[in-house]
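Let me begin by presenting the structure, written as structure tokens, before commenting on it.
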Amino acid sequence: MKKKLQLLGFLFLVLLNGLAAGNLTAFAQSQSGGSQTSNHPADSRSTIDSSRIDPKKDSTRFFKRILADTSRMMLNMEAIYNRPFLQLGKLGASVGGYLESNSRYESVDGISEGISFQIPRLTVFISSTIGKRLKFLTEIELEQGGKEIGIEFASLDVSFHPLVNIRGGVVMIPIGAFNQNHDGPKWEFIDRPISSTTLIPSTWSNVGFGLFGKYGLGNWIWAYEAYLTNGFDDRIISNEQNRTWLPASKQNPNRFEESFNGVPLTTLKFALRNRSLGEVGVSWMGGVYNKFQQDGLLLDKRRRVDFLALDVNTTLEATKTYLNGEWVWIWVDVPATYSLQFGKRLQGGFVDIVQPLLKKSLFGWDQAVVNLSLRAEYTDYNASSFPETGKPIADHVIALVPSLSLRPSLQTVFRFNYRYQWQADLLGNPPSRTGSIQIGFSTYF
Amino acid sequence: MKTFSTFFATGLFAFSLLGCDWLMPRQKPENHLLDGPIEQLSPAENQRFLAGDKAFNLEVFTSQNGLGPLFVATSCGSCHAGDGKGHPFTTLIRFGQSDQSGNRFLNQGGPQLQQRALPGLLPETLPSGAAYSRFMPPANTGLGLLEYVTDSLLLAMEDPADSNQDGISGRVSWNYLPAYVDPKEGAIGQAGKYICRFGKKAAVYDLLQQTAVAYNQDMGIASSFEPIDTYTGQEVEPEVSNTKIQDLVFYLRTLKVPLRRNAQQPVVVAGEKLFFQIGCENCHRQTLRTGKSPISALSEKEFHPYTDLLLHQMGQDLDDGYTEGSADSDEWRTPPLWGLGLSPSSQGGGYFLLHDGRATSIEKAIEWHGGEALQSRQDFNALTLQEKQHLFAFLESL
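One line per chain: the protein sequences are A and B, in this order.
Position 274, counted from 1, in the first sequence is what the working numbering calls 1321; the numbers after and before it change by one each time, with no gaps.
Position 72, counted from 1, in the second sequence is what the working numbering calls 74; the numbers after and before it change by one each time, with no gaps.
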């Protein structure tokens, strides 16, 4: 294993050397400022410097608001720094965060439990420039009114070169796009994508370290991330969902303390973006999920879980229509003698279409935007067939979510969603139907 | 001002939608559902029903809470989707007994094959030479009513010597009871045995026995009722509480009966006449009646399960060579036909009928009938195509 890691590291350095030797223009990192043209329709009004300070609009006497264009999509992997912060005087530390709240009326097969109000999450982040080349950022999330409190991100970044940065700590795993770019105020939809929360278990972070960097050439930007972290555990095929359920590993209280099996989870992501065309990201994450040995005794063979994700976003210039999508394929080595209830192949994704309808001054909000959006999503938890009948296993969810949203400012979105969802059980019996009307807001503070 | 009004109105409209049912999926008709409680339960009984519902449909066993390590399924609901019949994926295998002398393979994992195992362990395999049969999980509907049919009524229906010479010689199933099962009030015993009525071979006395054995044999969950671990053969600590098992038994007892659909349609009425005419009702008895029950909703009720709960010889084609209790290997307890038309809603869109799901249509199921049912099958084959369609329409309306 050690030799494999050394070989991997060597190959990685060779790759970096090759890239650095090229005639490439290095881009500054997003956290160091810099202005870019956004693909997001809500941002079509202007180009905003993500690090500009606007003391006139300061909400307190002591804090300066550091604006960020939170509605636009830079490279997805830059999302963790593309957030608004409040800075106290000349202190090196900045704070920020966001709150989501909503109300929903939901009915499953015609039976409703009535109206409920929720605070799905309150997130606080703190960043600081510790010194030359040293930056720190953490994101702490309180979910369901404080029922769950988690460190989603807490890392030290060491910058040697735009192409070579080291990150260590609790790392936001760069699988797909949503996992890193999940802040509520950036999205027109109240519910997170099903595939991005139940296949990719967003927010999925873990302890480890790795490298990241980017460079550009003309209108093109290329970026990478590579991490070794703690990984999954055997809860993914032993859980109360009665299916292969990747989020189950988040219930392991020791996952920030020690690896479940001593084998690191490897994650690689490459993203390519053109200022006009948009962004494509390809990411892979894989590792051993089971405890195959203990105290030197063999318990089982090594069983892997592997993810391959593709994410794309672009804006149709003619109509300013913003398109964003993600798809993930997952392979899990489930023992042949275990239950077929637990899928060996899973897949799913979503497509968001966001159409700006209105952009004008409303109620004193200078740059208010109204968007009409639609999300289509599909998640298949078991993409195989019954050997007994030869017919496909169902166990999938399909959903359509139209949305009307108002963005009074870059940091806040009011959302009205309607969700209609079909969920089929393992056997493919008539699907359960869910209808949901949701009203809520999400805002940075 | 105009803009403000527009937005205010839009917001008000959006908020008002929270209470609008027309945007919501419609409730499935009650007669298309198998789950739900029987009518006339008290609020306290409803609470107990919900507790049992949760244990049956929501509780999933894992390695953390006692699953296996050898098992057939990970939850009750896995095998009875929507409280309906199972699917070929959920069939279980029983083996080791070929006559009334008992099971000679108990020391080799009998009577049930646990063909699945936790990672790292090997599941059971079928021992060489063991007779076996595949059993399709049945629907759970109306089980409480079946449980409280009196022994005297069952004895009144049996005719082991075919004294009325109608070709039907159904008999009750006598079996010993496990220590934790108490005979019901008015139960009739015979040489230490009692009349059993549950299971494909009618070897199980009541729903408590059925539930405790299923926990143990299907999911590898030991209880104070069935404390032997199927993997080690040793007695172990209970992995499920008595309260939970009793709640689940209550749930099974109080599940509603399937409601008829299209019962008044002329083709269905015509089919019902044919059902009687060709002798199906001789075994698939339309009407039974319960005795006294501590649950008033089940006490002294008339109902229509289309079974006599008796054992019948069904011919060589349905003789797997395996049996349980006092049944011969070609004897099967008459399965209730109520809810038959809703089977595709729990079996993945198709039919998997008979004890092992071999029949993929009602017609094929009838064609497999032999033994005491041979005459009825021949009479069925003599029907015109239209008459058969009427008969199917009736059966699908149950």
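Where a beta carbon is used, it is the ideal one built from N, C-alpha and C, also for glycine.
Quick one: what does DSSP say GLN1388 of chain A is sitting in, helix, strand or coil? coil
Just the Cα atoms here: how many angstroms apart are ASP1320 of chain A and LEU1370 of chain A? According to the sequence displayed, residue 1320 of chain A carries Arg and not Asp. Approximately 14 Å, taken between the alpha carbons.
So with Cβ pairs under 9 Å, would you call ILE1445 of chain A a contact of chain B? no
Kindly indicate which three-state DSSP category LEU1138 of chain A falls into: helix, strand or coil? coil
Rounded to the nearest angstrom, what separates MET1121 of chain A and LEU1387 of chain A at their Cα positions? Answer to the nearest angstrom: the Cα atoms are 41 Å apart.
Check the C-beta distance from VAL1352 of chain A over to GLY1334 of chain A and give it rounded, since I have them as a contact under 8 Å. 7 Å
State yes or no: is the beta carbon of VAL1460 of chain A nearer than 9 Å to at least one beta carbon in chain B? no
Span of the beta strand (DSSP E) around LEU1275 of chain A: Per DSSP, the unbroken beta strand (DSSP E) holding LEU1275 of chain A starts and ends at 1267-1276.
Rank A:PRO1240, A:GLU1188 and A:GLY1215 by C-alpha distance to the C-alpha of ILE1445 of chain A and give the top, closest one. Nearest option by C-alpha distance: A:PRO1240.
Got a sec? Which residues, its chain only, sit under 6 Å from GLN212 of chain B by beta carbon, not counting five neighbours each side? Take GLN212 of chain B, set aside five residues on each side of it, and the residues of its chain with a beta-carbon closer than 6 Å to its own are PHE200 and VAL206, in chain order.
Using beta-carbon positions only, say whether HIS314 of chain B and GLY273 of chain B come within less than 9 Å of one another. no
Does the segment 102-119 of chain B come close enough to the segment 57-76 of chain B that 3 or more CB-CB pairs lie under 8 Å? yes
Beta strand (DSSP E) runs wholly inside the segment 58-135 of chain B, at least 3 long, in chain order: Within the segment 58-135 of chain B, the complete beta strand (DSSP E) segments at least 3 residues long are 94-97, listed from N- to C-terminus.
How would you write the range of the beta strand (DSSP E) that HIS371 of chain B sits in, first residue to last? Looking at the DSSP string, HIS371 of chain B is not in any beta strand (DSSP E), and its letter there is neither H nor E.
Unbroken beta strand (DSSP E) runs of length 3 or more, entirely within the segment 1180-1232 of chain A: which are they? 1181-1190, 1195-1208 and 1211-1219
Do you know how far the Cα of SER1174 of chain A is from the Cα of GLY1193 of chain A? 22 Å
Three CB pairs or more closer than 8 Å across the segment 102-116 of chain B and the segment 352-367 of chain B: Verdict: no, contact absent.
Contact criterion: CB-CB distance below 9 Å. Does ASN1299 of chain A meet it with respect to chain B? no
Quick check: the segment 273-287 of chain B against the segment 133-148 of chain B, are there 3 or more CB pairs under 8 Å? no
Quick one: does MET26 of chain B have its CB under 9 Å from some CB of chain A? yes
Apart from the five residues on each side of it in sequence, which residues of its chain come closer than 6 Å, Cβ to Cβ, to SER295 of chain B? TYR150 and SER301
Can you find a CB in chain A that lies within less than 9 Å of the CB of LEU123 of chain B? yes
What residues from chain A crowd round THR234 of chain B, counting only those whose CB sits closer than 8 Å? Within 8 Å Cβ-Cβ: nothing; THR234 of chain B doesn't reach chain A, min ~18 Å.
Using the rule of at least 16 other Cβ atoms within 10 Å of the residue's Cβ for burial, across every protein chain shown, is PHE252 of chain B buried or exposed? That one is buried.
Where does PRO1294 of chain A fall in DSSP's three states? helix
Residues of chain A with a CB under 9 Å from the CB of ALA119 of chain B: which are they? PRO1382, THR1384 and TYR1385
Spatial distance of SER1296 of chain A from LEU52 of chain B (CA atoms): 30 Å
May I ask you to list the residues that DSSP assigns as paired with LYS1111 of chain A? A:GLN1134
If you reduce the DSSP assignment to three classes, tell me which class ALA214 of chain B lands in. Reduced to three states, the DSSP call for ALA214 of chain B is helix.
Please report the residue range of the beta strand (DSSP E) in which ILE1445 of chain A lies. 1443-1456
Determine the closest residue to LYS1137 of chain A out of A:GLU1364, A:SER1148 and A:LYS1111, with distance taken between C-alpha atoms. Minimum Cα distance to LYS1137 of chain A is reached at A:LYS1111.
Ordered along the chain, which non-local residues of its own chain (more than five positions away) have a Cβ less than 6 Å from that of ALA83 of chain B? SER348
Local conformation of ALA1073 of chain A per DSSP, three classes: At ALA1073 of chain A, the pLDDT of 30 sits below 50, so the modelled position is not reliable and the matter cannot be decided from this model.
TYR1271 of chain A versus A:VAL1211, A:GLY1395 and A:LEU1293, residue with shortest Cα-Cα distance: Here the closest residue by C-alpha is A:VAL1211.
Put TYR1336 of chain A into one of helix, strand or coil per three-state DSSP. Looking at TYR1336 of chain A - three-state DSSP - the assignment turns out to be coil, as it is neither helix nor strand.
On the criterion of 16 or more Cβ atoms from any shown chain inside 10 Å, does ASN284 of chain B qualify as buried, or is it exposed? buried
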